[in-house]
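One structure below.
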Ligand code: BTN
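Numbering (my numbering), first residue to last: 20 to 366.
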């Protein structure tokens, strides 16, 4: 068999259902007759009909109208393994094993289990539409409601120790910054160490977890988990985070649409590419909103005021303490809040 393009080769190995998702996604909002679909997908009309029913059962909003055909609704935004993998194949030769869940406890926890019990390899990625037990840094929870965000975890099997790999979390923040800019044209700010902000509100958090071998001191795996708030939840954010949490696009009815599969693919591609770099991406320093601000440093010993001076080339934060001594903060069990001069609080 002679294939004229990489895409043709990929499509030849896909099931009718998979090819149908691809085709309908590419023609979202347009009616396509069963006859045309059968011809394009190289199958019978009955096979098209069966595949449409299968997709509807998976949550796709497909309208079927007599004499017009089938249409994937413009507002249909189902997270799909097929679509994410298709996007990834368009832009990268690397193979990623992506699994998509509509509901999960925590993408980090499930991936951790797979890393330990199934020994899954680098590139294994879990994406979910909803987390019942989303985890945040410092033992907090991460609010992860259905249909409004993107929650994903990516596995790395890096060489070296924890210290050698400290920049991974910062590289993940850069991956989100770049992916959001590319797919939505919106520039987020990065807040040291691993949050992304828009209009003074946190719209993305990152939690990196890993396991070190006690014998070698080397990392066995690292899981980088990213939670993005795309839309404002219907009833708003819960009381305890209402002051600080925000979304990239606002209320679903008022805002533009986003293809979450494309956004997920871009984050995955950017992150795994950045993870190979030894140096921190300059975007992390240039887009960082912390330097120059009065901050509250929160660590195991409590909290204290300081002034953020600059982000160092290795990602550490240089600060000036109240006694004017200068030193750097390393990632880890430390977080900072920036003084909001208007509200006179630390956010
Ligand atoms: C934080 O802001 O404290 C970090 C939040 C990290 C949330 C993400 S969502 C995907 C992954 N799975 C989790 O349980 N947590 C991370």
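Yeah, the Cβ is synthetic: ideal placement off N, Cα and C, and Gly gets one too.
- Its Cα nearest to that of residue 294, the residue 183 stands out among 110, 200, 183.
- Less than 8 Å divides the Cβ of residue 84 from the Cβ of residue 50.
- Each residue's CA atom was taken as its position, placing residue 106 and residue 57 some 23 Å apart.
- Of the heavy atoms belonging to the ligand BTN, at least one sits nearer than 7 Å to the Cβ of residue 170.
- With a cut-off of 8 Å on Cβ pairs, the segment 233–248 is in contact with the segment 118–134, counting three or more such pairs.
- Residue 208 sits away from residue 331, with the two beta carbons spaced by 8 Å or more.
- Residue 283 and residue 117 have their C-alpha atoms roughly 10 Å apart.
- Ranking 172, 159, 136 by CA distance to the CA of residue 149 puts 172 first.
- Checking the 7 Å criterion, the Cβ of residue 256 is out of range of every heavy atom belonging to the ligand BTN.
- In the DSSP assignment, residue 214 forms a beta bridge with 210, 224.
- Counting the other CB atoms within 10 Å of its CB gives residue 335 a total of 16 or more, which places it among the buried residues.
- In this structure, the straight-line span from the alpha carbon of residue 65 to that of residue 223 is close to 44 Å.
- Where residue 147 is concerned, the enclosing beta strand (DSSP E) starts and stops at 144–147.
- Closest in C-alpha terms to residue 211, from the list 48, 45, 55, 366, comes 366.
- When distances are taken from the beta-carbon of residue 127 to the heavy atoms of the ligand BTN, the shortest one is below 7 Å.
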